[in-house]
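> Dropping the structure in here first, questions after.
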Amino acid sequence: MREFVVLGTASQVPTRTRNHNGYLLLWDGEGLLFDPGEGTQRQMMLAGVSATQITRICLTHVHGDHCYGLPGVLSRMVLDGVQHPVHLHFPASGEDVVRALVSLASPGLDLLLHPHGNGGMVAPGLEVRPLNHRIETYGYRLVEPDGRTLLPARLTAAGISGPDVSRLQREGSLAGVRLEDVSVPRPGQRFAFVMDTAACTGAEELADGVDLLVAESTFSDDDAALAEQYRHLTAGQAGDLAANGDVGTLILTHFSARYEDVALLAGQAKARAGRTAVLAANDLDRIPFPKRQRGIEG
């Protein structure tokens, strides 16, 4: 199962309808929790997800609205009896803050700290790129390896069925039939998480070719000067990021409390997003990952 669960969509100031940040990506057997702000533990209960599903926690930076919910989430994991290791990724310059937050949590969790100080791979399939915010900030990108989609008609024509199908996939050829003869390339699915940044190369690299991009949309295009001052994206800039990266679906979030109706922001993003589908996130949304694209015969 692959699903994106929205736990909070506010920026620095929460509102009556929007909690601080918090996002859970369910990706096969993993659960990646991004930027747990205050109240994340409660939001998880309301969204119908469990702390036991979390295997990794990814912090973009250590501003409070992106990490102050960490002790509560860790304590809940202890209370729920989580036995598996939990990996915590964060910018190296924020290690003192992270260790202070972790020290507030109930003991008993197998928590592994992974500070990173440069762009690159931080776990299998998971990479980071530096962003342009007021403190050290990184975005995340999750990439599934490319594979192949089997074509039933070709398998039948080749006389391959039952256990021999799995054998062909493992070994690459069987009785003179190559895997390439009965399948087409299948691009791996890709996800990117871009939060708290001005437009920058790192954000572009993260967004390039992803199926699902989650991007901050703190300000309206009309407030571009504020966005530049605080190093955030406007809705239109988020749309540009998606269009230039040929993104499948863009989810907007991290809205300033000044906008009671984010339809304005969604409209600005859509106007510049090209063929990318655009969604303005609401708290407790559960968004299925876009369907896998079938391979194309080359």
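Residue numbers (the working numbering): 1 to 298.
For every residue, glycine included, the Cβ atom is placed at its ideal position computed from N, Cα and C.
Which of the three DSSP states is assigned to E228 in this structure?
Reduced to three states, the DSSP call for E228 is helix.
> For the alpha helix (DSSP H) that contains M77, what are its first and last residues?
First-last of the alpha helix (DSSP H) with M77: 70–79.
> Taking the runs of the alpha helix (DSSP H) that are 4 residues or longer, which of them lie wholly in the region 158–217?
Fully enclosed alpha helix (DSSP H) runs of 4 or longer: 163–171, 201–207.
> If you measure between the beta carbons of R186 and G147, is that distance less than 7 Å?
Contact: yes.
> Need the endpoints of the alpha helix (DSSP H) that E95 sits in, please.
Looking at the DSSP string, the run of the alpha helix (DSSP H) that includes E95 is 95–103.
> Hey, quick one: how far does the alpha helix (DSSP H) through T40 stretch, first residue to last?
First-last of the alpha helix (DSSP H) with T40: 40–47.
> First and last residue of the alpha helix (DSSP H) that includes L241?
235–244 is the extent of the alpha helix (DSSP H) around L241.
> Are the Cβ atoms of P36 and G48 separated by less than 7 Å?
Result no, Cβ atoms of P36 and G48 do not sit closer than 7 Å.
> With DSSP as the reference, label R16 as helix, strand or coil.
R16 falls in the coil class under three-state DSSP.
> Which of the three DSSP states, helix, strand or coil, is assigned to T149?
Of the three classes helix, strand and coil, the one that applies to T149 here is strand, per DSSP.
> Under 7 Å, do C58 and H89 count as touching if we go by C-beta distance?
Yes, the pair counts as a contact, with Cβ atoms nearer than the cut-off.
> What distance in whole Å lies between the Cβ atoms of G117 and A92, which are believed to be in contact at a cut-off of 8 Å?
Indeed they touch by this definition, with Cβ atoms about 4 Å apart.
> Under 7 Å, do D283 and T15 count as touching if we go by C-beta distance?
Not closer than 7 Å, so no.
> Would you decide whether M318 is buried or exposed? Buried here means 16 or more other CB atoms lie within 10 Å of its CB.
The question about residue 318 has no answer here: the residues shown for the chain are numbered 1 through 298.
> Could you have a look at A51 and say whether DSSP puts it in helix, strand or coil?
Reduced to three states, the DSSP call for A51 is helix.
> Alpha helix (DSSP H) containing L265: first to last residue?
263–272 is the span of the alpha helix (DSSP H), which, as asked, contains L265.
> Just to confirm the assignment, what range does the beta strand (DSSP E) spanning M121 have?
Per DSSP, M121 belongs to the beta strand (DSSP E) from 120–123.
> Could you name the residues of the same chain whose beta carbon sits closer than 8 Å to that of L179, not counting the 5 residues immediately before and after it, in chain order?
Excluding sequence neighbours, L179 sits near R148, L168, Q169, G172, S173.
> So for H66, helix, strand or coil by DSSP?
Reduced to three states, the DSSP call for H66 is helix.
> How big is the Cα-Cα spacing for Y259 and L151?
Approximately 49 Å, taken between the alpha carbons.
> Need the endpoints of the beta strand (DSSP E) that A277 sits in, please.
It spans 277–280 - the beta strand (DSSP E) in which A277 sits, taken as one unbroken run.
> How should S220 be labelled, buried or exposed, when 16 other C-beta atoms within 10 angstroms of its C-beta is the threshold for buried?
The residue is buried, with at least 16 neighbouring Cβ atoms inside 10 Å.
> Can you look up T156 in the DSSP assignment and give me helix, strand or coil?
DSSP places T156 in helix when its eight states are reduced to three.
> Taking L33 as the reference, which of D196, F4, N19, Q83 has the closest Cα?
Comparing Cα positions, the closest option is F4.
> Alpha carbon to alpha carbon, how far is D246 from L46? Give it in angstroms, no decimals.
About 33 Å.
> I'd like the span of the beta strand (DSSP E) that includes H116, first residue to last.
First-last of the beta strand (DSSP E) with H116: 111–116.
> Between A235 and L265, how many whole angstroms is the CB-CB distance? I'm expecting something under 8 Å.
With a Cβ gap of about 4 Å, A235 and L265 count as contacting.
> Is A175 a contact residue of the ligand MG, with contact defined as CB to any heavy atom under 6 Å?
This structure simply doesn't include the ligand MG, nor any ligand for that matter.
> What are the start and end residues of the beta strand (DSSP E) that includes I287?
Element bounds for I287: 286–288.
> What number of angstroms, rounded off, separates the C-alpha of A175 from the C-alpha of V184?
If I take the Cα positions, the gap works out to 19 Å.
> Using the Cα positions of P145 and P124, report the straight-line distance between them to the nearest angstrom.
For P145 and P124, the distance between alpha carbons rounds to 10 Å.
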